[in-house]
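Shown next, in structure tokens, is the structure this report addresses.
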Amino acid sequence: MNKKENFLKGFIKENPLFVLLLGTCPALAITTSLENALGMGVAFIFVLVMSNTIISLINSFKKLKELIQPVRIAVYIVIIASLVTIVEMLMQAYLPDLYNSLGVFISLITVNCIVLGRAEAYASSNTVGDSVIDGISMGLGYTLALIIISIVRELLGNGTITIWGDLQLNLQGVFDFLHITTISFFTSSAGAFMVLGIVLAIMQAIKNGKEEKAKEAEKAKKEVK
Amino acid sequence: MSFSQIIFIIFSSMLLENVILSQFLGICSFLGVSKSRKSAVGMGLSVVAVIVIATTVTWLIYNYVLVLFDLVYLKTIVFILVIASLVQIIEIIIKKFVPTLYKSLGIYLPLITTNCAVLGVAIKAAQNGLTFFHMLLYALGSGLGFLLIMFIFSFLREELDKRKIPKAMSGIPIALVVASILAIIFSRYVGIVKESDNNEEKELPRTTNVIIMHNAPSEDYLNNIMRRMK
Amino acid sequence: MKNNLITGLVLSVFALICGLMLSVVNMFTAPIIEERTEEKINNSIMEVCEIYRENKDTYTIDKESITHDEVDSVYLIKNENGEKVEVIYIISAKGYASTIQMMVSVTKDHKIEKSVVISSAETKGNIKTHDFNMEGKDSLEDFDKLAGSTISSKAVRKCFYTALDLSYEDLK
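Chains as they are written, first to last, in my numbering: chain A, 1 to 225; chain B, 1001 to 1230; chain C, 2001 to 2172.
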């Protein structure tokens, strides 16, 4: 796998949320506005890249790798937890509003399966450079997924798209013009499940369509032969 | 704490603020392990046990160690270590003393460490400054809520497997849509919070226990009268 | 046994390093966090209390040592003669998805002057911008709840009630 493939895999092919179905908790809970999704994404990318870097660095020393082998998961968790705490403290200091609205889910990045999964499955057996690229790719892919869900939910539920702070796109006028109202269902918890379910179904439908096309192409090839 | 309060705390953490459906904690195991009824109940029961024990221990550590030594910022790292080691200890104990239980629950125990419901409930209980008894009830209610939803949902998924579902929706997507409908139903439990909550508000002002006599005679006036009477 | 000891030692060394790292970061961020919260509270006081905003030089504001179980902190505004003119409360109440923290100012005639939501992470409706129709009122009769979010509104109502209620005691 070359570097470009490594970078692009997180977006569609191995998207952590849509394909691997990891990290569903924050994807449902904090996607009520685009601002939250962006904040969560940034925090998440930081933790993922840093944890991948540190863990691949530790594993590049053979002696150290053997030493932590029996307790490696615990060591990874400790590293991830302290990275998360750093993000938490920085966010509380510089972005207090965002910190308040993300609430407990910043701390819960610790137990997010993506971070630990990447550490165990990728960073522990790859070079530092590759691990960093992997972290950025997975982080961006996850952020992209959060952005898609949050735009759908915020637009249909509130009629707005909050980009950052007061920078808000108010599309209430468009809704009025089309004589439709926003449905607060989408910002409620039930709406979160529904939106994620439907987005996943669309992804699955696209995948199925592609597979069928590939099959048909193969069939056509065989017939030609 | 009165009996009605106890019931209220348990019910509100179990149904109203359900861990899965309204707080979105533990979704990974909710989707992953709810395929069959047996595994769902197994996972749910172990989560109840771990949540109650872990929340108690972390609450004690938070209030009697971290707060005292001004180390609150270490809470995430301490809590996750406590939960991980607790899960290990519980696993060893069950393995040694109740091997039959270990056979049915054992495989779910390691998964619980990364179940965000446990860490989430522990952090919320510590941060919201609950009293010991309140925390215990809250943890129990949250765990039972998790178990309840796992149980209901595994039934629904077993039924779903028997039905014909469009190819694109089969599997996780339809499960999420079903969860959404379940969440709508559970959000209606808001109704059990009495509308008469406002009864607590008595007529204002409530706190003035000293009666202020607005037209009370002043001292001079009283003295005047006394003098005249003489 | 020896192996177990070594692995335990390795883990505790890692935990110690991480803990130290965190305390270093905490040393940098803790003062900033404190400063921010203080600044936010000061700004909210300015917004909530008109008398103090306009007579900053002659009026004094004290963070009172009197504490009630129901409120987080109490600020008393006094004029140049030391008479109490207004009281400001910071009150928390549990809402739908989070704890709502509000600042409420009550004037001498026990009327709500203004209120600000300091922090809330409520998901339903926007309680930060909603007008609860309480300004200048001395009872909760005209309380205008936010449609669709009963629990958040209830929490806000409780904040107003506590503020009005306690003002009878604190503004004596």
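C-beta: ideal position from N, C-alpha, C; glycine also.
| Asked | Found |
| --- | --- |
| Proximity test, Cβ basis, 8 Å: CYS2018(C) and chain B | yes |
| Cα-Cα separation, ASN2004(C) to GLY141(A) | 40 Å |
| Residues of its chain near PHE237(A), where Cβ-Cβ distance is below 6 Å and the 5 sequence neighbours each way are ignored | Residue 237(A) falls outside the range modelled here, since chain A spans only 1 to 225, and no answer is possible. |
| As assigned by DSSP and simplified to three states, the class of ASP1161(B) | helix |
| Helix, strand or coil at VAL2116(C) according to DSSP, with G and I counted as helix | strand |
| Cβ of THR1055(B) within 8 Å of any chain A Cβ | no |
| Cross-strand partners of GLU2086(C) (DSSP beta bridge) | ILE2077(C), THR2107(C) |
| Secondary structure of ALA2093(C), DSSP reduced to three states | strand |
| Beta carbon proximity, GLY1120(B) to chain A, threshold 8 Å | yes |
| Rounded separation between LYS1131(B) and PHE7(A) - CA only | Before going further, note that residue 1131(B) is Thr rather than Lys in the sequence given. Roughly 49 Å separates the two Cα atoms. |
| Cβ of ALA121(A) within 8 Å of any chain B Cβ | no |
| Sufficient close CB pairs (3 or more, under 8 Å) joining the stretch 2109-2119 of chain C to the stretch 2034-2046 of chain C | yes |
| For VAL199(A), the three-state DSSP class (helix, strand or coil) | helix |
| As assigned by DSSP and simplified to three states, the class of ASP97(A) | helix |
| Candidates VAL87(A), ASN170(A), ILE136(A), ILE54(A): closest to SER125(A) by CA position | ILE54(A) |
| Members of the stretch 51-75 of chain A near chain C, C-beta cut-off 7 Å | LEU67, ILE68, PRO70, VAL71, ALA74, VAL75 |
| Per-residue contacts from THR2099(C) into chain B (C-beta, under 8 Å) | ASN1128 |
| Same chain only: Cβ atoms within 8 Å of LEU1021(B), ignoring 5 sequence neighbours per side | ILE1149, ALA1179, LEU1182, ALA1183, PHE1186, SER1187 |
| DSSP-derived helix/strand/coil call for THR53(A) | helix |
| Reference SER1142(B), options ALA1040(B), GLY1171(B), PHE1079(B), VAL1048(B), closest by Cα | VAL1048(B) |
| Beta-carbon contacts of LEU98(A) that lie in its chain and below 6 Å, excluding the five residues immediately before and after | GLY39 |
| Contacts of LEU28(A) in chain C (Cβ-Cβ under 7 Å) | Within 7 Å Cβ-Cβ: nothing; LEU28(A) doesn't reach chain C, min ~11 Å. |
| Span separating the alpha-carbon of LYS2170(C) from that of LYS2158(C) | What sits at residue 2170(C) in the sequence shown is Asp, not Lys. So the two alpha carbons sit approximately 18 Å from each other. |
| Cross-strand partners of ILE2051(C) (DSSP beta bridge) | Answer is none; ILE2051(C) lacks a bridge partner. |
| Min CB distance LEU2022(C) to chain B below 8 Å | yes |
| At least 3 beta-carbon pairs within less than 8 Å: the stretch 78-96 of chain A vs the stretch 36-52 of chain A | yes |
| Rounded Cβ spacing between VAL1082(B) and THR1058(B) (contact assumed at less than 8 Å) | 6 Å |
| Whole-angstrom C-beta distance between ILE149(A) and VAL199(A), which should lie under 8 Å | 6 Å |
| One or two residues paired with LEU161(A) in a DSSP bridge | First, the residue type needs correcting, since residue 161(A) is Ile and not Leu in the sequence shown. Answer is LEU169(A). |
| Minimum Cβ-Cβ distance from ILE161(A) to chain C less than 8 Å | no |
| Outcome for MET2027(C) when other beta-carbon atoms lying within 10 angstroms are tallied against a minimum of 16 | exposed |
| Contact the stretch 73-82 of chain A vs the stretch 7-18 of chain A: 3+ CB pairs below 8 Å | no |
| Assigned exposure category for SER1013(B) - 16 Cβ within 10 Å defines buried | buried |
| Stretch pair the stretch 1110-1124 of chain B + the stretch 111-121 of chain A: three plus CB contacts closer than 8 Å | yes |
| Segment contact, 8 Å Cβ cut-off, at least three pairs: the stretch 58-75 of chain A with the stretch 155-175 of chain A | no |
| Beta-carbon proximity check, GLY41(A) vs THR143(A), cutoff 8 Å | yes |
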